[in-house]
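Presented below is the structure to which this report refers.
Protein chains in written order, with my numbering: chain A, 39 to 207; chain B, 266 to 548.
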């Protein structure tokens, strides 16, 4: 429970930063997805699925901050967190390659899932323009930012990790 | 690469993911059909308040730092302004003459003035946290008289230009859909030839807008730099608000209309203050 709350709080804080301090973007007006990077970190280290629940909670908050319909980011974030949890069973965390690939892959997954949602629910659903320069920039930027977030959060990893209660003697 | 000690994801992981995804889809289903109003109070007061707080913190720091450098340039600006002032005094005389002439011409043309509209000034405090949606958040809500679908304009370099429309109203903040949003549409016309079409955003702030449905016959009269304004036919935007200028146009062989790229008159990357137009009770 503690790991879910801390992950959600940290990711929501990142969402507010994205919408205010980073609102002008970094390159080509593209905003790095810091919240997603935090969720990927939590999903990767918590193999019990706590990262997925945190992603769902953060997604609901993102839907409230955004002009998107309720459930849109909850679905995208939960899906990426779920896939990251699955990846954590077959890959081990390293300093650069895995975080970068996770960040970039999450952007691609969100791009494709947003197009599927556009087909399923047409009302007020936006989708990534996958073949645009902006999407390419976002992909690389999210890869780099995820690498940085993984590095920084590794110092406080114990707060994000689920620690099961020990049985009484 | 293989993880030792753990064989694979447990059922509990799949179950948690399934519950979260089903809940997300259920919420999407409800919100896209009924535009769920339940979280509006929470969004209006709590989320809006936090956004205002964040905006206030950033503006405090940027203003404090900026004030030091501003002092240095103030002296130079003062000298320059004195020169400009002398210039404006001369222009003011010309302006009075032109104003009288304009009034006479209006009377001659028997133009009916537009009904009085109230403009509500607002500060842009946040943007959508994602890159998919491009909405902007302003610091005025229904408590200040903002209503859904109000047109929003801004002034830059002495030009009034269209910014977008209000799509969500909360207590003290509102969400504005800018003209470059991929779901933005407005009835528009070419100011010179009066040909009517529809303006559409492409989803990116740095991309031009598309003016669609302008007949091919207009191609001879169309020139780069022609002004595009709102036509008012959509009943959302008042007529004659400047949208932008023609940048380039294409003639598709198998289409009956032109595709015109329009560069917005307002640079939305440096927008700070906007004005929501209240068209009155009949809006």
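Note that the Cβ used here is the ideal one computed from N, Cα and C, for glycine as well.
The structure presented is a predicted model; accordingly, all values stated were derived computationally and were not measured.
Quick check on the burial criterion: 16 or more other C-beta atoms within 10 angstroms. Buried or exposed for residue i?
| i | result |
| --- | --- |
| residue 194 (chain A) | exposed |
| residue 58 (chain A) | buried |
| residue 62 (chain A) | exposed |
| residue 176 (chain A) | buried |
| residue 496 (chain B) | buried |
| residue 172 (chain A) | buried |
| residue 98 (chain A) | buried |
| residue 207 (chain B) | Past the edges of chain B, shown from 266 to 548, lies residue 207 (chain B), and the structure says nothing about it. |
| residue 338 (chain B) | exposed |
| residue 393 (chain B) | buried |
| residue 45 (chain A) | buried |
| residue 201 (chain A) | exposed |
| residue 400 (chain B) | buried |
| residue 442 (chain B) | buried |
| residue 449 (chain B) | buried |
| residue 154 (chain A) | exposed |
In this structure, does DSSP put residue i in helix, strand or coil?
| i | result |
| --- | --- |
| residue 495 (chain B) | strand |
| residue 480 (chain B) | strand |
| residue 420 (chain B) | strand |
| residue 270 (chain B) | With a pLDDT of 48 at residue 270 (chain B), under the threshold of 50, the modelled position of this residue cannot be trusted; read the value that follows with caution. Residue state, collapsed to three classes: coil. |
| residue 467 (chain B) | coil |
| residue 515 (chain B) | strand |
| residue 167 (chain A) | coil |
| residue 281 (chain B) | helix |
| residue 379 (chain B) | The predicted model places residue 379 (chain B) with a pLDDT of 49, which falls under 50 and marks its position as unreliable; any figure quoted below should be read in that light. Here residue 379 (chain B) sits in coil by DSSP. |
| residue 474 (chain B) | strand |
| residue 506 (chain B) | coil |
| residue 430 (chain B) | strand |
| residue 200 (chain A) | coil |
Along the chain, where does the alpha helix (DSSP H) that runs through residue i open and close?
| i | result |
| --- | --- |
| residue 538 (chain B) | First-last for residue 538 (chain B): 538-543, but that is the beta strand (DSSP E), not the alpha helix (DSSP H). |
| residue 459 (chain B) | Run containing residue 459 (chain B): none; DSSP gives neither H nor E here. |
| residue 411 (chain B) | Segment: none, residue 411 (chain B) is in no alpha helix (DSSP H) and carries neither H nor E. |
| residue 126 (chain A) | 110-126 |
| residue 107 (chain A) | Here residue 107 (chain A) belongs to no alpha helix (DSSP H), and DSSP marks it neither H nor E. |
Taking just the CA atoms, how far does residue j sit from residue i?
| i | j | result |
| --- | --- | --- |
| residue 410 (chain B) | residue 344 (chain B) | 41 Å |
| residue 406 (chain B) | residue 134 (chain A) | 45 Å |
| residue 187 (chain A) | residue 72 (chain A) | 8 Å |
| residue 538 (chain B) | residue 129 (chain A) | 49 Å |
| residue 464 (chain B) | residue 102 (chain A) | 28 Å |
| residue 35 (chain A) | residue 115 (chain A) | Because chain A is modelled from 39 through 207, residue 35 (chain A) falls outside the range shown and cannot be assessed. |
| residue 178 (chain A) | residue 168 (chain A) | 13 Å |
| residue 184 (chain A) | residue 112 (chain A) | 19 Å |
| residue 429 (chain B) | residue 533 (chain B) | 10 Å |
Let's see if you can read the secondary structure: which residues bound the beta strand (DSSP E) around residue i?
| i | result |
| --- | --- |
| residue 526 (chain B) | 522-529 |
| residue 487 (chain B) | Unbroken run through residue 487 (chain B): none, as it is neither H nor E. |
| residue 401 (chain B) | 401-403 |
| residue 78 (chain A) | Note, residue 78 (chain A): premise wrong, no beta strand (DSSP E); alpha helix (DSSP H) at 72-83. |
For the stretch 421-428 of chain B against the stretch 318-334 of chain B, are there 3 or more C-beta pairs whose distance is under 8 Å?
no
So, does the stretch 525-536 of chain B touch the stretch 497-514 of chain B, judging by three or more C-beta pairs under 8 Å?
Segments in contact, yes.
Closer than 8 Å is the cut-off here; do at least three beta carbon pairs connect the stretch 87-95 of chain A with the stretch 116-124 of chain A?
yes
Does the contact criterion of 3 or more C-beta pairs under 8 Å hold for the stretch 452-460 of chain B versus the stretch 477-492 of chain B?
yes
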